[in-house]
Amino acid sequence: MTFLVLDGLQKIYGTHQVVQRFDLSVERGEFISFLGSSGCGKTTTLRMVAGFETPTVGTIRVDGRDVTQLAPNQRKVGMVFQSYALFPNMTVAQNVAFGLKVAGKSPAEIKTRVGEMLELIKLPKLADRYPYQMSGGQQQRVALARAIATKPQILLLDEPLSALDAKIRVSLRDDIRTLQRELGITTIYVTHDQEEALSMSDRIVVMSEGRMEQVGTPFEIYNRPATRFVASFVGHLNLLKATVVAPSEGRITVNGQAIRTAAALNGVPVGAPLTLALRPEAIRIGASETGNRLDGTISDVAFLGAIVRIRVQVGDNRLSLDTFNNPGSPPPARGEAVHLGFSPEDLHSVSDA
Amino acid sequence: MEQPLEALALPTAQPSRPLRRLPTMPLAWLGVVPFFVFALMFLLLPTLFLIAGAFQDPDGHFTLQNLRDLLAPNIISAYWISIEISAASALGGAFFGALLAAAVVLNGLPGWLRPTLMTFSGVASNFAGLPLAFAFLATLGRMGLVTVLLSSLLGFNLYRTGFNILSFWGLTITYLYFQIPLMVLILTPALDGLKKEWREASQTLGATPWQYWRMIAFPVLWPSLLGTTLLLFANSFGAVATAYGLTGSTLNIVTILLYAQIRGDVLHNQNLGYALALGMIVITGLSNVAYIVLRTRSERWLK
Ligand SMILES: Nc1ncnc2c1ncn2[C@@H]1O[C@H](COP(=O)(O)OP(=O)(O)OP(=O)(O)O)[C@@H](O)[C@H]1O
Ligand SMILES: [Mg+2]
Chain A
1 MTFLVLDGLQ KIYGTHQVVQ RFDLSVERGE FISFLGSSGC GKTTTLRMVA
51 GFETPTVGTI RVDGRDVTQL APNQRKVGMV FQSYALFPNM TVAQNVAFGL
101 KVAGKSPAEI KTRVGEMLEL IKLPKLADRY PYQMSGGQQQ RVALARAIAT
151 KPQILLLDEP LSALDAKIRV SLRDDIRTLQ RELGITTIYV THDQEEALSM
201 SDRIVVMSEG RMEQVGTPFE IYNRPATRFV ASFVGHLNLL KATVVAPSEG
251 RITVNGQAIR TAAALNGVPV GAPLTLALRP EAIRIGASET GNRLDGTISD
301 VAFLGAIVRI RVQVGDNRLS LDTFNNPGSP PPARGEAVHL GFSPEDLHSV
351 SDA
Chain B
354 MEQPLEALAL PTAQPSRPLR RLPTMPLAWL GVVPFFVFAL MFLLLPTLFL
404 IAGAFQDPDG HFTLQNLRDL LAPNIISAYW ISIEISAASA LGGAFFGALL
454 AAAVVLNGLP GWLRPTLMTF SGVASNFAGL PLAFAFLATL GRMGLVTVLL
504 SSLLGFNLYR TGFNILSFWG LTITYLYFQI PLMVLILTPA LDGLKKEWRE
554 ASQTLGATPW QYWRMIAFPV LWPSLLGTTL LLFANSFGAV ATAYGLTGST
604 LNIVTILLYA QIRGDVLHNQ NLGYALALGM IVITGLSNVA YIVLRTRSER
654 WLK
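Protein sequence lines, in the order shown, are assigned to chains A and B. The first sequence begins at 1 in the numbering used here and counts up one residue at a time. The second sequence begins at 354 in the numbering used here and counts up one residue at a time.
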């Protein structure tokens, strides 16, 4: 059931169009990520949902109600900021209680709810600490508890983990996701970290320069990138320059070597240039009989532990592929000639838009 | 004898440590030596000298008479007027200074206004003493420019309203000239320290702007506000040249009384002067200590 609708949102500052036609329907309880590089309008879109910015064009509906003109304190959204933004003059318990107190809840009710919240973020012992007495990770947990204590309709998080160090980032990521699932709260999560977006989200909105590039599940975004931008932004994708030979049969050449795609390349003229995407993990060393085969030379080998990342030059295309470490045999050496095998199903043509 | 021997032996046993430490330590300390010398000669020693003097009679014998003399009605009233003027100018400075600082920090005024105000405040907060006194005499004195302009252009006689620059309120207004800018200078960083996210977080949690100010912004600011007011108090409590330049000896405030004791006119009693100064040190000291305590508290929060 559709819960949150962003309908044709646009935001223009002066002459600068920061958000261009943003259309999105979010299900109740869904976890959506906005993924994109710096300045692409993620925060601006989120702030329109929160009510801090008014869309230049478009409407926002929550549960069927138009909230576009509603002030932030009327919207029942919870927000978590990159900088934690805990109130410095209040203890942990007072911070978590703030929204309840403002809503006029009884002291007894507030006490119970704050206790529950602190239990939920696993910090019941820190109730009387002040923000300056806590680590960044602890502060962000408290900020999360504060945001959900009032049972908001929507939870908005703007790069909540980017000020934390790597280890805490990963553990807090899991905690946020678990909590979100348990509470079933509709969530928008802004990040520029693809790993975060891929691992946490039900669906991802990939954004670039104020445009929605693609909306889809992590699986779809990763394996079927719709545009060249998405392909290059998400994961280490190999882009191959190919020439079309027989569009209807999917036959093409890469550096003069004939291969084919699984899908027909309808509408592409013979002899036209084409960009193809191929995931590193879809490539094997050693050609198979049935699939595609490309011959090349190993240009680089990086031993990353469990994974060995190998770069292979095929004419002017450079492909990256990952193999698992095999304790029984050392990785190939630079300069070695190799055959690369991959299945036609793994080749996707991407648009240049 | 054993300790020094061990200490001497240490460098040969562990040569790397003393070698690395030796060159940096003395150099760093050298830099702060002038400060310590200065503080010792012009702050610590005079204070000790003054405290000692307050407990001596002119022949150098110990006495409590000087302190008892502080209770004389004219001296009590001098302290009282000083405290009143300082409090009035501190509260006035704090109020108008806070409004000014809030106006440039919080609201969307044109960009050039803030640096201009800050530069002006930097200059004005240091403009005190005789030049300030004469500047005010020249503008708001009986024959001052503003006074004359008011009466000739608008037919408004300022002095007929009871105003007198050589009075309690005259002095207070003059002090405001450096008190307001000082408040602006100190409070602006504190207002900058109010994070935009606090307001936004409070809004998403359902708070009204008034609730934000009452429950977050004001509690965060009040140590700075109160502390700075105390600093302003101490600042005008100790001002002497401005007061003397402006009112001569017509206004009976402590610093002028003190000046009279030390200068050596009819009232001359040096040891009573020391006692007067001691009383001032206590009052100024107390308000400064309170200022530091409050400031530490607000800085802890704003980290
Ligand atoms: N109030 C404003 N006035 C003018 N331009 C603005 C304003 N707020 C944001 N912008 C511009 O809008 C664009 C998008 O900003 P936004 O903060 O939404 O990006 P973002 O995707 O969140 O980036 P980041 O990852 O760096 O946080 C930027 O080019 C920014 O300069
Ligand atoms: Mg942002």
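Using N, Cα and C, we set each Cβ at its ideal position, and we do this for glycine too.
TODO: Could you tell me how far apart the beta carbons of residue 252 (chain A) and residue 262 (chain A) are, in whole angstroms, since I believe they sit closer than 8 angstroms?
DONE: In the first sequence, counting from the first residue as 1, residue 252 (chain A) sits at position 252. In the first sequence, counting from the first residue as 1, residue 262 (chain A) sits at position 262. Taking C-beta atoms under 8 angstroms as the contact rule, residue 252 (chain A) and residue 262 (chain A) fail to qualify, at a distance of about 12 angstroms.
TODO: Could you please give the first and the last residue of the uninterrupted alpha helix (DSSP H) stretch that includes residue 427 (chain B)?
DONE: Taking the first residue of the second sequence as 1, we reach residue 427 (chain B) at position 74. Segment 426 to 459, the alpha helix (DSSP H) holding residue 427 (chain B).
- [ ] State the start and end residues of the unbroken beta strand (DSSP E) segment that holds residue 257 (chain A).
- [x] Here residue 257 (chain A) refers to the residue found at position 257 when the first sequence is read from its first residue. Counted as a single uninterrupted DSSP element, the beta strand (DSSP E) harbouring residue 257 (chain A) occupies residues 257 to 260.
Open item on the list: Distance cutoff 8 angstroms, beta carbons only. Does residue 34 (chain A) sit that close to anything in chain B?
Closed with: In the first sequence, residue 34 (chain A) corresponds to position 34, counting from 1. Answer no: the Cβ-Cβ gap between residue 34 (chain A) and chain B never drops below 8 angstroms.
- [ ] Would you grab the beta carbon distance between residue 527 (chain B) and residue 570 (chain B) for me? Rounded to a whole angstrom, and I think it's under 8 angstroms.
- [x] Residue 527 (chain B) sits at position 174 when you count from the first residue of the second sequence. Residue 570 (chain B) sits at position 217 when you count from the first residue of the second sequence. Contact check for residue 527 (chain B) and residue 570 (chain B): beta-carbon distance about 32 angstroms, past the 8 angstroms limit, so the pair fails to qualify.
TODO: Given a cut-off of 8 angstroms, decide if residue 197 (chain A) and residue 46 (chain A) are closer than it, judged by their beta-carbon atoms.
DONE: Locating residue 46 (chain A) in the first sequence gives position 46, where the first residue counts as 1. Locating residue 197 (chain A) in the first sequence gives position 197, where the first residue counts as 1. Against a cut-off of 8 angstroms, the Cβ pair of residue 197 (chain A) and residue 46 (chain A) comes out as no contact.
Task: Close-in-space but distant-in-sequence residues of the same chain around residue 157 (chain A) (CB under 6 angstroms, 5 per side omitted) - done: For this step, residue 157 (chain A) is matched to residue 157 along the first sequence. Excluding sequence neighbours, residue 157 (chain A) sits near 80 and 189.
Open item on the list: Please tell me whether, using a cut-off of 7 angstroms, the distance from the CB of residue 42 (chain A) to the nearest non-hydrogen atom of ligand 1 is below it.
Closed with: One-based indexing of the first sequence puts residue 42 (chain A) at position 42. Residue 42 (chain A): yes, Cβ under 7 angstroms from ligand 1.
TODO: Could you check what DSSP says for residue 647 (chain B) in three-state terms: helix, strand or coil?
DONE: Looking up residue 647 (chain B) in the second sequence gives position 294. Helix at residue 647 (chain B).
TODO: State yes or no: is the C-beta of residue 16 (chain A) nearer than 7 angstroms to some heavy atom of ligand 1?
DONE: The residue given as residue 16 (chain A) occupies position 16 in the first sequence. At least one heavy atom of ligand 1 is nearer than 7 angstroms to the Cβ of residue 16 (chain A), so yes.
Task: Positions along the stretch 572 to 592 of chain B whose CB lies within less than 8 angstroms of some CB in chain A - done: Those residues of the stretch 572 to 592 of chain B that come within reach of chain A (Cβ to Cβ, closer than 8 angstroms) are 572 and 573.
TODO: Have a look at residue 136 (chain A) and residue 249 (chain A) and give me their C-alpha separation to the nearest angstrom.
DONE: Indexing the first sequence from 1 puts residue 136 (chain A) at position 136. Indexing the first sequence from 1 puts residue 249 (chain A) at position 249. Roughly 56 angstroms between the two C-alpha positions.
Task: Under 7 angstroms by beta carbon: chain A residues contacting residue 561 (chain B) - done: Along the second sequence, one-based indexing puts residue 561 (chain B) at 208. The contacting residues are 73.
TODO: For residue 566 (chain B), go through chain A and note every residue whose CB falls closer than 7 angstroms to its CB, in chain order.
DONE: Here residue 566 (chain B) corresponds to residue number 213 of the second sequence, with the count starting at 1. For residue 566 (chain B), there are no neighbours in chain A by C-beta distance under 7 angstroms, as the nearest C-beta there is about 12 angstroms away.
Task: chain B residues whose Cβ lies nearer than 8 angstroms to that of residue 81 (chain A) - done: Taking the first residue of the first sequence as 1, we reach residue 81 (chain A) at position 81. Simply 550, 553 and 554.
Task: Rounded separation between residue 223 (chain A) and residue 279 (chain A) - CA only - done: Walking along the first sequence from the start, residue 223 (chain A) turns up at place 223. Walking along the first sequence from the start, residue 279 (chain A) turns up at place 279. Between the alpha carbons of residue 223 (chain A) and residue 279 (chain A) lies a distance of about 8 angstroms.
Open item on the list: Taking the alpha-carbon of residue 649 (chain B) as reference, which of B:624, B:640 and B:577 has the nearest alpha-carbon?
Closed with: Your numbering for residue 649 (chain B) matches position 296 in the second sequence. Checking every option, the nearest Cα to that of residue 649 (chain B) belongs to B:577.
Task: Any chain A beta carbon closer than 8 angstroms to residue 649 (chain B) - done: Within the second sequence, residue 649 (chain B) is the residue found at index 296, counting from 1. No - not a single Cβ of chain A is within 8 angstroms of the one on residue 649 (chain B).
- [ ] Kindly list the residues whose CB is nearer than 7 angstroms to the CB of residue 221 (chain A), restricted to its own chain and excluding five residues on each side of it in sequence; keep chain order.
- [x] As a working note, residue 221 (chain A) is residue 221 in the first sequence. The answer, listed in chain order, is 204, 206, 214, 230 and 234.
TODO: In the DSSP assignment, find the unbroken beta strand (DSSP E) run with residue 241 (chain A) in it and report its ends.
DONE: Here residue 241 (chain A) is taken as the residue at index 241 of the first sequence, counted from 1. Boundaries of the beta strand (DSSP E) around residue 241 (chain A): 238 to 246.
TODO: Give me the Cα-Cα distance between residue 17 (chain A) and residue 100 (chain A), rounded to the nearest whole angstrom.
DONE: Counting from one through the first sequence, the residue named residue 17 (chain A) turns up at place 17. Counting from one through the first sequence, the residue named residue 100 (chain A) turns up at place 100. A direct Cα-Cα distance of roughly 38 angstroms separates residue 17 (chain A) from residue 100 (chain A).
TODO: Would you verify that the beta carbon of residue 22 (chain A) is, or is not, closer than 8 angstroms to some beta carbon of chain B?
DONE: What you label residue 22 (chain A) is simply residue 22 of the first sequence in a count that begins at 1. Residue contact with chain B for residue 22 (chain A): absent (no Cβ-Cβ distance below 8 angstroms to any residue of chain B).
Open item on the list: Could you check if residue 83 (chain A) belongs to the surroundings of ligand 1, using beta carbon to heavy atom distance under 7 angstroms?
Closed with: The residue you call residue 83 (chain A) lines up with position 83 of the first sequence. Checking the Cβ of residue 83 (chain A) against ligand 1 gives no.
TODO: Taking only beta-carbon positions, decide if residue 150 (chain A) is within less than 8 angstroms of chain B.
DONE: Counting from one through the first sequence, the residue named residue 150 (chain A) turns up at place 150. With 8 angstroms as the cut-off, residue 150 (chain A) counts as an interface residue toward chain B.
Task: Cα-Cα separation, residue 338 (chain A) to residue 145 (chain A) - done: Here residue 338 (chain A) refers to the residue found at position 338 of the first sequence. Here residue 145 (chain A) refers to the residue found at position 145 of the first sequence. Between residue 338 (chain A) and residue 145 (chain A), the alpha-carbon positions lie close to 54 angstroms from each other.
- [ ] For residue 269 (chain A), count neighbouring C-beta atoms within 10 Å of its own C-beta (all shown protein chains included) and say buried if the count is 16 or more, exposed if not.
- [x] By 1-based counting over the first sequence, the position of residue 269 (chain A) is 269. The residue is exposed, with fewer than 16 neighbouring Cβ atoms inside 10 Å.
- [ ] Starting from the C-beta of residue 319 (chain A), find all residues in its chain whose C-beta is less than 6 angstroms away, skip the five residues before and the five after it, and write them out in chain order.
- [x] Here residue 319 (chain A) corresponds to residue number 319 of the first sequence, with the count starting at 1. Within the same chain, 238 and 312 come within 6 angstroms of residue 319 (chain A) by CB-CB distance, once the 5 residues on both sides are set aside.
- [ ] Quick one: which unbroken alpha helix (DSSP H) runs of 4-plus residues sit fully inside the stretch 374 to 422 of chain B? Chain order, please.
- [x] Whole alpha helix (DSSP H) segments, 4+ residues: 398 to 407 and 418 to 422.
Open item on the list: Contact criterion: CB-CB distance below 8 angstroms. Does residue 85 (chain A) meet it with respect to chain B?
Closed with: As a first step, residue 85 (chain A) is located in the first sequence; it is residue number 85 there, counting from the start. Closer than 8 angstroms: yes.
Open item on the list: Between which two residues does the beta strand (DSSP E) holding residue 309 (chain A) run?
Closed with: Sequence index remark: in the first sequence, residue 309 (chain A) carries index 309 (1-based). Start and end: 307 to 314.
Task: Three-way DSSP call (helix, strand, coil) for residue 165 (chain A) in this model - done: Indexing the first sequence from 1 puts residue 165 (chain A) at position 165. The DSSP-derived three-state label of residue 165 (chain A) is coil.
- [ ] For residue 451 (chain B), collect the residues of the same chain with a Cβ closer than 7 angstroms to its Cβ; drop the 5 residues on either side in sequence, then sort them by chain order.
- [x] Taking the second sequence and counting its residues from 1, one reaches residue 451 (chain B) at position 98. A distance below 7 angstroms between beta-carbons, with the five flanking residues on each side excluded, links residue 451 (chain B) to the following residues of its chain, in chain order: 536, 540 and 578.
Open item on the list: As a quick exercise: from B:518, B:568 and B:626, pick the residue whose alpha carbon is nearest that of residue 90 (chain A).
Closed with: By 1-based counting over the first sequence, the position of residue 90 (chain A) is 90. It is B:568 whose Cα lies nearest to the Cα of residue 90 (chain A).
- [ ] Would you kindly work out how many angstroms separate the C-alpha atoms of residue 258 (chain A) and residue 236 (chain A), rounded to a whole number?
- [x] Against the first sequence, residue 258 (chain A) aligns to sequence position 258. Against the first sequence, residue 236 (chain A) aligns to sequence position 236. Distance from the CA atom of residue 258 (chain A) to the CA atom of residue 236 (chain A), rounded to whole angstroms, is 24 angstroms.
Open item on the list: Is there a C-beta anywhere in chain A that falls below 8 angstroms from the one on residue 359 (chain B)?
Closed with: As a first step, residue 359 (chain B) is located in the second sequence; it is residue number 6 there, counting from the start. Only weak support exists for where residue 359 (chain B) lies, its pLDDT of 37 falling under 50; the value from the coordinates is given anyway. No, because no Cβ of chain A sits closer than 8 angstroms to the Cβ of residue 359 (chain B).
TODO: Could you tell me whether the Cβ atoms of residue 72 (chain A) and residue 87 (chain A) are closer together than 8 angstroms?
DONE: Here residue 72 (chain A) refers to the residue found at position 72 of the first sequence. Here residue 87 (chain A) refers to the residue found at position 87 of the first sequence. For the pair residue 72 (chain A) and residue 87 (chain A), the CB atoms are not nearer than the 8 angstroms cut-off.
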